[in-house]
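Position 322 (the sequence shown) corresponds to 333 in the numbering used here; numbering is contiguous.
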Amino acid sequence: MSNSSEQAAPQQLDRKTRVKSILGGSAGNLVEWYDWYVYAAFTLYFASQFFPDGDDTVKLLQAAAVFALGFLMRPIGAWVMGIYADRKGRKAGLTVSVSLMCVGSLIIACAPTYDSVGMLAPALLLFARLLQGLSVGGEYGSSATYLTEMAGKNHRGFFSSFQYVTLISGQLLALCVLIVLQRTLTEGQLTEWGWRIPFAIGALLAIVVFWIRRGLVETQSSKDAQEQAKKGGPKSSALALFTKYPKQAFTVIMLTAGGTLAFNTFTTYLQKYLVNTSGFEKTTATEITTAAIFIFMLLQPAVGALSDKIGRKPVMIAFGVLGVLFTIPIFNGLGSTTSPTTAFMLCMSGMVIVTGYTAINAVVKAELFPAHIRALGVALPYAIANTLFGGTAELVALSFKNAGHENYFFYYITFMIGISLLTYIFMKDTKKHSQILDD
12 MSNSSEQAAP
22 QQLDRKTRVK
32 SILGGSAGNL
42 VEWYDWYVYA
52 AFTLYFASQF
62 FPDGDDTVKL
72 LQAAAVFALG
82 FLMRPIGAWV
92 MGIYADRKGR
102 KAGLTVSVSL
112 MCVGSLIIAC
122 APTYDSVGML
132 APALLLFARL
142 LQGLSVGGEY
152 GSSATYLTEM
162 AGKNHRGFFS
172 SFQYVTLISG
182 QLLALCVLIV
192 LQRTLTEGQL
202 TEWGWRIPFA
212 IGALLAIVVF
222 WIRRGLVETQ
232 SSKDAQEQAK
242 KGGPKSSALA
252 LFTKYPKQAF
262 TVIMLTAGGT
272 LAFNTFTTYL
282 QKYLVNTSGF
292 EKTTATEITT
302 AAIFIFMLLQ
312 PAVGALSDKI
322 GRKPVMIAFG
332 VLGVLFTIPI
342 FNGLGSTTSP
352 TTAFMLCMSG
362 MVIVTGYTAI
372 NAVVKAELFP
382 AHIRALGVAL
392 PYAIANTLFG
402 GTAELVALSF
412 KNAGHENYFF
422 YYITFMIGIS
432 LLTYIFMKDT
442 KKHSQILDD
């Protein structure tokens, strides 16, 4: 029924148009995630400007709480904007999401400090993060669906991996801006006003992306679904998602839980772990994580292409098995080393493992749902899992550390990866059972 539209009007796009559209959509995704991760990258410097009381760990904990609250808006953004992208088109959803991100970054760049306006300062910071959470909640589903639908049948794993290439690129760009500012400004200048610069850059880049996204080509799957809806066909809604596709929605939640927790731990929390626990200088910790994340980014297309050859399921199972076996040893090793080289190798080993999730999770989720509800089906269950597990990673880690039981966090990661592993083992391989039927 819902798949007939895709069968009736296969996508007629040449390779050049596909690649151009994928690169255009990916550029916007990069800026979205740069804006999102700048907050995490610069927390070490601006936390005291908004949360002046307590020791360093307490200030980081308060800033991490705001980071986690931003994740709470992601299910709302996924719900509202997922439906919007299903009904109005992927292109429309992508344009709205980047507009919200621009506003959020601009607010943070201009926000007054606690010393100037008291509690209004953290309130403005929270409001901006909520806007950005709303934006990213919609961005994931729209971009994952757009890239997957735009890719040809035989290269979906490869091209959809560019969602995480650009996601990681955004994070990497945030860290590179941090390194440049660390080398050009004093720590006092960074703490006082320098931390505003990356947020201003993000707001300006988002304006550029707004115009890029207005010129994107819409996917044929989306066009067909909209035409079917006009003729009385099925429409996207949260009720339809959880009543007609409950198995698929639950599968997305469970396959995401361990992956998003591991990803956020190894890419976002790791910098703070190297400073607070391993004892590295802030600049050294930033350089270690930046180098590891750069290689991590380059691995995504290779693993995505591998999934096009051998299937999605073996790749995800490899992540689950290796994550369960090696997460605790990796973090124990990081906590005890004083060598930057050793720390880099351990960080890199963790990220290689996580690639089994990051490179293909977008295509796996998109292949589970028919076109008329695909953006919502990808976005909302993912956002729920990401809010519960990914967004709280730093908060849980710092809470355990503050309580004197930091190692509990590593057991928690291992357990959640194990839960996801069970999902990978029992689910069908979406490459062989894909709901995306156009070529």
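Every residue, glycine too, gets a C-beta built ideally from N, C-alpha and C.
Counted as a single uninterrupted DSSP element, the alpha helix (DSSP H) harbouring aspartate 126 occupies residues 125 to 128.
Runs of alpha helix (DSSP H) with 4 or more residues, each lying fully within the segment 224 to 297, are found at 231 to 241, 249 to 255, 257 to 275 and 281 to 287, listed in chain order. By the Cβ neighbour-count rule, histidine 444 is exposed, with fewer than 16 other Cβ atoms within 10 Å of its own.
One Cα belongs to threonine 297, the other to tryptophan 204, and the distance between them is close to 19 Å.
In terms of CA proximity to isoleucine 395, Ala268 leads the group Ala316, Phe330 and Ala268. The residue from Leu158, Leu141 and Arg323 with its alpha-carbon nearest to that of tryptophan 47 is Leu141. Annotation note: the segment 369 to 396 contains the following uninterrupted alpha helix (DSSP H) runs of length 4 or greater, listed N- to C-terminal: 372 to 377 and 385 to 396. With respect to the 7 Å criterion, phenylalanine 221 and valine 109 are classified as neighbours on the basis of their beta carbons.
In the three-state reduction of the DSSP assignment, histidine 166 falls in the helix class. According to the DSSP assignment, proline 63 belongs to no alpha helix (DSSP H), since it is labelled neither H nor E. Cα atoms of tyrosine 280 and valine 365: separation of roughly 14 Å, rounded to the nearest angstrom.
Residue Arg167 holds the alpha-carbon nearest to the alpha-carbon of leucine 448 among Arg167, Gly361 and Ile339.
Of the candidates Thr202, Phe169 and Ile208, the residue whose Cα lies closest to the Cα of cysteine 187 is Ile208. Following the DSSP letters along the chain, one finds threonine 202 in no alpha helix (DSSP H), marked with neither H nor E. For serine 153, the enclosing alpha helix (DSSP H) starts and ends at 131 to 161.
Distance from methionine 112 to glycine 104 at the Cβ level is roughly 13 Å; contact not present, criterion being Cβ atoms closer than 8 Å. Closest option to glutamine 239, judged by alpha-carbon separation, among Leu192, Leu184 and Asp97: Asp97.
Judged by beta-carbon spacing, isoleucine 299 lies within the 7 Å limit of phenylalanine 355, meaning their Cβ atoms are closer than that value. Here the segment 396 to 409 does not lie against the segment 175 to 185, with fewer than 3 beta-carbon pairs under 8 Å apart.
The alpha-carbon of asparagine 40 is positioned some 17 Å away from that of alanine 51. Contact check for phenylalanine 82 and asparagine 397: beta-carbon distance about 6 Å, within the 8 Å limit, so the pair qualifies. Residue state for threonine 366 is assigned as helix, using DSSP reduced to three classes.
Between the alpha carbons of tyrosine 423 and cysteine 358 lies a distance of about 18 Å. The three-state secondary structure of leucine 345, taken from DSSP, is helix. In this structure, the CA atom of threonine 403 is about 15 Å from the CA atom of glycine 148.
Contact annotation: phenylalanine 305 and phenylalanine 421 have beta-carbon atoms that are not nearer than 7 Å. Looking at Tyr125, Arg26, Tyr435 and Leu216, the one whose alpha-carbon comes closest to that of alanine 58 is Tyr125. Counting along the chain, alanine 185 sits inside the alpha helix (DSSP H) bounded by residues 173 to 195. Sequence-distant Cβ neighbours of glutamate 229 in its own chain, meaning closer than 7 Å and more than five residues away, are Gly100, Arg101 and Lys102. Take the alpha-carbon of arginine 323 and the one of alanine 373: they are about 11 Å apart.
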